[in-house]
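Everything on this sheet refers to the single structure shown next.
2 protein chains.
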Amino acid sequence: MLKNYEIRKYQMPQDEIRALVKEKREILVRQQQIIKEHKLPVYVLIEGWGAAGKGTLIGNLIKELDPRFFHVIHMGMPNEEERRKPFMWRYMETIPEAGKFVFLNSGWLDETAEDVINERIDDTDLEQRMKQIRIFERQLKDNGYLVVKLFLHIPKEEQKQRLEKLEEKKDTRWRVTEKDMLQVKKREKYEKIYDRILEATNTGYVPWNVVDAVDKRQALLQVLHLLTNQINQAIENYKVLPEILHKDYPLLKMPKLSQVPLNQEMTKEEYEERLKELQKKLKKLHNKIYRKRIPIIIAYEGWDAAGKGGNIKRLTSALDPRGFEVHPIASPEPHEKARHYLWRFYHRLPKDGHIAIFDRTWYGRVMVERLEGFCSENDWKRAYNEINEFEKELSDWGAIVIKFWVHIDKDTQLARFTERQNTPEKQWKITEEDWRNREKWDAYEEAVDEMVAKTSTENAPWFIIQSNNKYYARLQAISTVIDEIEKRIS
Amino acid sequence: MLKNYEIRKYQMPQDEIRALVKEKREILVRQQQIIKEHKLPVYVLIEGWGAAGKGTLIGNLIKELDPRFFHVIHMGMPNEEERRKPFMWRYMETIPEAGKFVFLNSGWLDETAEDVINERIDDTDLEQRMKQIRIFERQLKDNGYLVVKLFLHIPKEEQKQRLEKLEEKKDTRWRVTEKDMLQVKKREKYEKIYDRILEATNTGYVPWNVVDAVDKRQALLQVLHLLTNQINQAIENYKVLPEILHKDYPLLKMPKLSQVPLNQEMTKEEYEERLKELQKKLKKLHNKIYRKRIPIIIAYEGWDAAGKGGNIKRLTSALDPRGFEVHPIASPEPHEKARHYLWRFYHRLPKDGHIAIFDRTWYGRVMVERLEGFCSENDWKRAYNEINEFEKELSDWGAIVIKFWVHIDKDTQLARFTERQNTPEKQWKITEEDWRNREKWDAYEEAVDEMVAKTSTENAPWFIIQSNNKYYARLQAISTVIDEIEKRIS
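Written as structure tokens, this is what we have:
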């Protein structure tokens, strides 16, 4: 894209360009209000050569915007803490809320190129990253985001001259970084890698826009033109439903819930003895994965009163408290609701070597959100693939992903509900909502069967925990975690 | 506290101790539910010598707790990013939500001691820190937190032996850090500095508890005993009103709002010319403070329709977008409401060298929360001092703190409300709530007068922006920011 890039200029006098800039800027200001009304989040990524004028361009773009409705984020390279999360993690953190702009000064293109140049990643890693970028961008677009990607291009000689000019003055010298100088020195190498990433992530849904940045006013006009047009388009198209993809993740054959036997028996003595053994084993393994820096993500879903809480407790009491976190997931708060539904789960991902246990999860999308109509049919149908992609990213990052459906039958639930109702210390555990959900048992069962069938991937399998007998269920969960860790580290 | 520490032991057989531990642990488990009901946040800081058994102790404390109601946080030393925030910032980030536990594995004692040992701070810094710690702890306590501080003490020989034992085995060797070894080597120096910090932060409201950690079971019993007692006390005392402090921060003499003239006149031409000059000047200064790493915090409060938004826009359009952020403050979200009211503002503090502009602020406590009864009388009366302390901490950190009350008279507000109502593009800016607030003008005016009088400190002054004439107001705000920066860097 850069190699054969032809300079595209507005062939008109300066004052006409100035007038056009003013006009487009006024359009952008009016669009702010429309964006807010339509709750459209606009995510603008500005990449380009050092000294191409990214900062100045952003300054010019936002000049007339209401500062309450945009954020400018200068990414820089990730720090040590951030390197312990998946690659896209820190970008996911920056995505705008509905109705707001985020301008990103450099991003995943720049970071990836630097990692290649500095040989922090090899060819396989690069291919994987570019795939993750495509998925990230598509998911944003499908979930109602407008993503605009710009690359500010200047020729080698121009870049060299600009940097030299900055170097001359004491006041501006600090702005020239080693990276900038390296870009001039290794221009061809940079061009090659930029080109490769640009091509690989130049998709129909989120295309790249290479901007000729030699003349600053021309560049500004070009960008204002692009941005206002794409906002218009996004608002016109907001009712066009995204395609529902069924990508080929190898799926495991899973039983239906109704086929899972629940008649396990176990004495308290047997349970306590076995629990002790398993907890001891898990404790040692936790130490190992901590040292090997393997992250673990454990997702708990299940029927109300199935015994999730007690099950989690038996698991965590075997773990070093410095190395795990339990995230109880309730309905999303306003700032969470205003973003991509996976945002709040990304946000809670563990560092490598740590364990995150989710008490209810992103599967809410295809269960409660589906059944209560909190999202559209297209949304939840799309979600199976989106979730598979999310979990694949976690595995590719190196995580062990384990998903538990804690299962009981309808009679057992009734018995437990009744017991809670009749025991004063347990009454807080039972609410009207539990009874209402119970009435929808069959619909939920159907949704769970579909979910388990469509998201039991090889890298992130579901395990049906048989929890009519809580003792049995607890041992089953801990054993499963042990098995999955052993499979990985052996 | 450590020098003359006498070993306090339970003089009873092992099995009695074991039984007592079990008993206390059951109490703690029952207290969980009470904590939840009373919305009591419990913040447990565990400090102590390396190899004193902090991790093991925490593991034993939480063994039976519901993992959804606690977090264990291992602090470590701050990273580069964290060092660019005020000292207490990362601790404030970790405070528990109402009804939950946080166990902090090492904290402000350890960090401060390390900074002294490694000569990162001098004696003056140390005194300032200890003062900040006392304020932090008192504010938490006054705002309904239970803060429990433990120091696990072992003699030098014991520590040495434990470390040697860990070093022996391949499996545990990695747990011995350089810091641990240094502690043995420089034991006397460490003891001295620990003692100094312990004494200085051993307050009546949040005392230290030195725990003899030579025998692990004895230590656990001691801690369970302390913790369950302190929880009981906190729940019994939750209705005791905290003292309202009036600490001596030098206050500036401020006029009442009614005394502020609002008859400024200015032509558009005059305004535009002057604005250009000032913006140019501010731009240069922004560059300077960025390079000098001075943080700036600008707080905007004011009447509805006073022109805050436009005022902020003229300020920010002079700034490099990579160096500032505007935070519109609405009513708190659930996770914000569940914490100390200053938490969400701490959370949004800028890095050094950056500017944070708050569109509405922490002063909500003594205005809307006071007048609408969202907090108790004791809460808002205490807040003047709490806010002065907060802002003093910001200044001590190196920040320039500027507070604007954007002022208009009642007639001007009516004229602007009516114009908004009658102009289709502006109707979204006016709501029923604005009219309701207008009815309470006099009560608000009284609250603002009191607020300005009580919180105009030398280090964080209020500026009344005269905004009947918006042009005048904008220039006034920008000039003020310029003046305050120049005062600092000259």
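Chains V and L, in that order, are what the protein sequence lines are. Residue 111 in the working numbering is what sits at position 111 of the first sequence, and the numbering runs on without skipping anything. Residue 1280 in the working numbering is what sits at position 280 of the second sequence, and the numbering runs on without skipping anything. Beta carbons are placed, not taken as given, at the ideal position from N, Cα and C, and that holds for glycine.
Min CB distance residue i to chain L below 9 Å
| i | result |
| --- | --- |
| residue 328 of chain V | yes |
| residue 269 of chain V | no |
| residue 118 of chain V | no |
| residue 72 of chain V | yes |
| residue 335 of chain V | yes |
| residue 404 of chain V | no |
| residue 151 of chain V | no |
| residue 171 of chain V | yes |
| residue 339 of chain V | no |
| residue 312 of chain V | yes |
| residue 428 of chain V | yes |
| residue 231 of chain V | no |
| residue 357 of chain V | yes |
| residue 33 of chain V | yes |
Under the three-state DSSP convention, the category residue i falls into
| i | result |
| --- | --- |
| residue 1302 of chain L | strand |
| residue 1448 of chain L | helix |
| residue 496 of chain V | Nothing can be reported for residue 496 of chain V, as the shown portion of chain V is limited to 1 through 490. |
| residue 1333 of chain L | coil |
| residue 1212 of chain L | strand |
| residue 458 of chain V | coil |
| residue 1147 of chain L | strand |
| residue 96 of chain V | coil |
| residue 1374 of chain L | coil |
| residue 1236 of chain L | helix |
| residue 176 of chain V | coil |
Straight-line gap, residue i to residue j (C-alpha atoms, nearest Å)
| i | j | result |
| --- | --- | --- |
| residue 445 of chain V | residue 462 of chain V | 15 Å |
| residue 1430 of chain L | residue 36 of chain V | 16 Å |
| residue 287 of chain V | residue 476 of chain V | 21 Å |
| residue 1042 of chain L | residue 1148 of chain L | 8 Å |
| residue 1053 of chain L | residue 250 of chain V | 46 Å |
| residue 298 of chain V | residue 356 of chain V | 6 Å |
| residue 1333 of chain L | residue 1111 of chain L | 31 Å |
| residue 1506 of chain L | residue 1408 of chain L | Here chain L comprises residues numbered 1001 to 1490, so residue 1506 of chain L is not present and cannot be evaluated. |
| residue 1120 of chain L | residue 68 of chain V | 38 Å |
| residue 310 of chain V | residue 1064 of chain L | 10 Å |
| residue 1216 of chain L | residue 416 of chain V | 39 Å |
| residue 1336 of chain L | residue 1343 of chain L | 7 Å |
| residue 2 of chain V | residue 159 of chain V | 14 Å |
| residue 1241 of chain L | residue 1452 of chain L | 25 Å |
| residue 1349 of chain L | residue 1085 of chain L | 7 Å |
| residue 1102 of chain L | residue 315 of chain V | 19 Å |
| residue 438 of chain V | residue 1104 of chain L | 40 Å |
| residue 1163 of chain L | residue 1228 of chain L | 31 Å |
| residue 210 of chain V | residue 62 of chain V | 20 Å |
| residue 137 of chain V | residue 1432 of chain L | 40 Å |
| residue 1345 of chain L | residue 1327 of chain L | 9 Å |
Residue-chain proximity (residue i, chain V), Cβ-Cβ < 9 Å
| i | result |
| --- | --- |
| residue 1490 of chain L | no |
| residue 1316 of chain L | yes |
| residue 1276 of chain L | no |
| residue 1321 of chain L | yes |
| residue 1389 of chain L | no |
| residue 1248 of chain L | no |
| residue 1259 of chain L | no |
| residue 1287 of chain L | yes |
Any non-hydrogen atom of the ligand NAD within 8 Å of residue i CB
| i | result |
| --- | --- |
| residue 1228 of chain L | Judged by which ligands are present, the structure shown has none, so any question about the ligand NAD falls away. |
Exercise for the section: Closer than 9 Å, Cβ to Cβ, to anything on chain V: give me those residues from the region 1360–1376 of chain L, in chain order. Expected result: Residues of the region 1360–1376 of chain L with a C-beta atom less than 9 Å from some C-beta of chain V do not occur.
Exercise for the section: Could you name each continuous alpha helix (DSSP H) segment of 4 residues or more that falls completely within the region 1255–1306 of chain L, going from the start of the chain to the end? Expected result: If we require 4 residues or more, the alpha helix (DSSP H) runs fully inside the region 1255–1306 of chain L come out as 1268–1292.
Problem - 3 or more residues per run - each beta strand (DSSP E) lying fully within the region 1390–1436 of chain L - result: Within the region 1390–1436 of chain L, the complete beta strand (DSSP E) runs of at least 3 residues are 1400–1407.
Exercise for the section: Mind listing, in chain order, the continuous beta strand (DSSP E) runs of no fewer than 3 residues lying wholly within the region 18–88 of chain V? Expected result: Whole beta strand (DSSP E) segments, 3+ residues: 42–48 and 70–74.
Problem - Interface residues of the region 1445–1464 of chain L facing chain V [CB-CB below 8 Å] - result: Taking 8 Å as the Cβ-Cβ cut-off, the region 1445–1464 of chain L has no residue approaching chain V.
Problem - chain L contacts made by the region 290–304 of chain V, where a contact means CB separation under 7 Å - result: Against chain L - using a Cβ distance shorter than 7 Å - the residues of the region 290–304 of chain V are 291.
Problem - Under 8 Å (Cβ pairs) to chain V, residues found in the region 1175–1195 of chain L - result: Against chain V - using a Cβ distance shorter than 8 Å - the region 1175–1195 of chain L contributes no residues.
Handout entry: Members of the region 1075–1107 of chain L near chain V, C-beta cut-off 8 Å
Key = In summary, the residues of the region 1075–1107 of chain L whose CB is separated from some CB of chain V by less than 8 Å are 1079, 1080, 1081, 1103 and 1105, in the order they occur in the chain.
Practice task
Below 7 Å between beta carbons is the criterion; list the residues of the region 1038–1072 of chain L that meet it against any residue of chain V, in chain order.
Solution key: Per Cβ criterion, the list reads 1055, 1058, 1059, 1062, 1063, 1066, 1067, 1068, 1071 and 1072.
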